[in-house]
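Input: a single structure, listed below in structure tokens.
This is how it looks when you write it as structure tokens:
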């Protein structure tokens with residue numbers, strides 16, 4: 258959950274970042290560690306070691322990371338804070354393809370532990386291309402420091418596998434080298450404050466849990482929309498697509514938090530067991546029925562917020578005849594007692610009309626027969642919406658009587674806004690997740706069975722789409738995706754829900 262000083266690290270900690278000279282470290286990892294340091298969560302004895310093939314002196318490397326702090330961190334270099342933090346950072350030139358280079362890690366950790374006269378916990382963060390993970394993990398497992406499995410953890414970035422087969426293979430490779438409780442498969446969405454608050458909203462309030470089921474809920478929607486295209490990631494996206502990039506991990510993890518049963522504790526495996534139960538209960542889609550449950554799209558050229566943009570097939574490093582989807586919408590069912598026959602509609606896409614990640618719980622309509630006709634004209638269902646980004650808020654829509662002599666009703670929102678309720682800045686997702694990993698708290702990290710279960714959900718869709726030609730492009734930039742996405746939900750008598758745009762001051 259959200260960090261507090263009770264989570265302050267006490268044992269000496271060494272964070273070793275493969276891909277230390279890369280973009281993710283400069284934009285996310287080092288800024289997260291910097292903010293944890295400023296918030297007094299780091300122990301008195303710690304070290305951050307960047308690894309990469311680029312030649313850097315410690316000073317040049319620190320200067321490189323400082324540009325990331327000033328550009329991407331929620332706190333800039335103020336009051337000499339960087340001068341206090343940067344001495345903890347060093348750099349080692351290392352080629353992950355050379356087995357002999359890994360001895361540098363043992364030597365560096367040995368030197369630090371002798372200096373501190375104390376054994377440290379070591380966190381390996383693999384911010385590298387997915388194909389490098391097995392080889393790096395194999396070399397790490399051979400290190401002297403890795404023999405004590407209680408003090409070593411390994412963080413693996415997504416994508417975790419390209420399909421079910423490769424995910425199972427990668428899990429087998431990692432589990433042959435490390436214990437499952439040493440492996441932290443990270444999904445940064447799970448570190449967002451509003452995502453974590455789903456559990457607090459559901460299980461800390463008796464107001465919601467009694468009606469959180471098929472008796473009262475009509476359907477659930479999850480939208481993760483982006484207003485950008487693939488930008489300079491065309492080569493990656495050609496191997497991924499919207500279903501792999503967003504639905505298989507981010508969106509299904511959010512769905513699990515919305516749909517899971519109440520845990521008996523917040524112990525990591527108890528929470529992950531409940532999430533795994535949801536994934537395993539999702540109804541399998543038959544390949545021949547995919548068109549009834551899933552829609553794909555690809556953006557054309559056009560105008561986006563006043564700027565002319567290329568079609569996906571015109572993007573750099575993209576096949577001009579590509580059938581990779583930049584939009585996906587899927588209707589899912591969770592076959593258990595709580596959710597039987599309640600549809601979960603999920604959608605995600607590039608170059609959509611609005612940047613938003615939104616969860617909508619649509620309740621069934623209340624009976625209206627007792628009210629006069631003027632009330633029935635504006636009769637609406639109650640609704641709970643959880644906005645994850647860009648706004649962070651929770652809204653409950655209910656009906657109230659308009660002032661006047663007639664029984665006319667109006668929909669009103671009761672809104673909880675993070676920014677208005679709390680004056681303190683919210684931690685970035687990577688701050689929360691890195692602190693959890695260093696503390697050995699795996700609650701917000703995916704277990705092997707969760708990853709494989711999520712792949713099982715999407716594989717029939719992927720296999721069906723890959724076997725068929727696609728009529729692309731089929732939606733314009735600055736729209737809400739292809740027409741078929743509207744049909745997917747409209748044929749059930751429902752519609753996609755978005756929040757009104759917040760007025761700018």
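Numbering (the numbering used here), first residue to last: 258 to 762. Glycine included, each C-beta is placed from N, C-alpha and C at the ideal position.
query                                                                                                                             : result
Own chain, CB closer than 8 Å to residue 709, minus 5 neighbours either side, in chain order                                      : 421, 424, 425 and 428
contact_flag[the segment 454-473, the segment 365-382] where n(CB pairs < 8 Å) is 3 or more                                       : no
Chain-order list of residues whose beta-carbon lies under 7 Å from that of residue 729 (same chain, five-residue window excluded) : 555 and 580
Buried versus exposed call for residue 599 [16 or more other C-beta atoms within 10 Å across all chains shown]                    : buried
Top-ranked residue by Cα proximity to residue 395, from 372, 414, 435 and 418                                                     : 435
Nearest candidate by alpha-carbon position, reference residue 323, set 683, 431, 700 and 343                                      : 343
Inside the segment 477-555 only - alpha helix (DSSP H) runs reaching at least 4 residues                                          : 491-495, 509-516, 525-538 and 547-550
Where the alpha helix (DSSP H) containing residue 287 begins and where it ends                                                    : 287-295
Inter-stretch contact at 8 Å, needing at least 3 Cβ pairs: the segment 541-559 / the segment 476-483                              : no
Limits of the unbroken alpha helix (DSSP H) element including residue 270                                                         : Premise fails: residue 270 lies in the beta strand (DSSP E), 270-275, not in any alpha helix (DSSP H).
Beta strand (DSSP E) segments (min. 3 residues) lying fully within the segment 386-470                                            : 409-413 and 440-442
Beta-carbon spacing of residue 345, residue 298 below 8 Å                                                                         : no
Cβ distance (whole Å) where residue 603 is taken to contact residue 508 below 8 Å                                                 : 5 Å
CB of residue 528 within 8 Å of CB of residue 700, strictly                                                                       : yes
Whether residue 724 touches residue 505 by CB criterion (8 Å)                                                                     : no
Same chain, Cβ closer than 7 Å to residue 417, five either side skipped, listed in chain order                                    : 424, 427, 442 and 708
Stretch pair the segment 566-582 + the segment 727-746: three plus CB contacts closer than 8 Å                                    : yes
Inter-residue Cα distance where the pair is residue 223 and residue 347                                                           : Any question about residue 223 goes unanswered here, given that the chain covers just 258 to 762.
Proximity winner among 643, 407 and 637, relative to residue 657 (alpha-carbon distances)                                         : 637
Residue closest to residue 573, alpha-carbon to alpha-carbon, out of 532, 410 and 493                                             : 493
Touching by the beta-carbon criterion (3+ pairs, under 8 Å), the segment 443-458 and the segment 731-747                          : no
Beta carbon of residue 309 nearer than 8 Å to that of residue 278                                                                 : yes
Of the listed residues 320, 376, 335 and 266, nearest to residue 283 (C-alpha basis)                                              : 320
Unbroken stretches of the alpha helix (DSSP H), 4 residues or longer, contained in the segment 668-730                            : 675-678, 686-696 and 705-724
Element boundaries [beta strand (DSSP E), containing residue 345]                                                                 : Run containing residue 345: none; DSSP gives neither H nor E here.
Close beta carbons around residue 537, own chain, < 7 Å, minus the five adjacent residues each side                               : 710
Cβ neighbours of residue 258 in the same chain (closer than 6 Å, five flanking residues each side left out)                       : Any reading at residue 258 needs caution, since the residue's pLDDT is 39, under 50, leaving its predicted position unreliable; the model's value is listed next. Cβ neighbours of residue 258 beyond the five flanking positions: 453.
Selected residue, minimal CA-CA separation from residue 447, among 515, 715, 372 and 354                                          : 515
First through last residue of the beta strand (DSSP E) which encompasses residue 651                                              : 650-658
With 16 other Cβ atoms within 10 Å as the buried cut-off, status of residue 469                                                   : buried
Status (buried if at least 16 other CB within 10 Å, exposed otherwise) for residue 682                                            : exposed
Helix, strand or coil at residue 474 according to DSSP, with G and I counted as helix                                             : strand
Near the ligand HEM: residue 514 beta-carbon under 7 Å from a heavy atom                                                          : The ligand HEM is not among the ligands present in this structure, which contains no ligands whatsoever.
DSSP three-state assignment for residue 640, whether helix, strand or coil                                                        : strand
Buried versus exposed, by CB contacts within 10 Å (16 or more), residue 404                                                       : exposed
Residues near residue 289 by beta carbon distance below 7 Å, same chain, minus five either side                                   : 685, 687, 688 and 691
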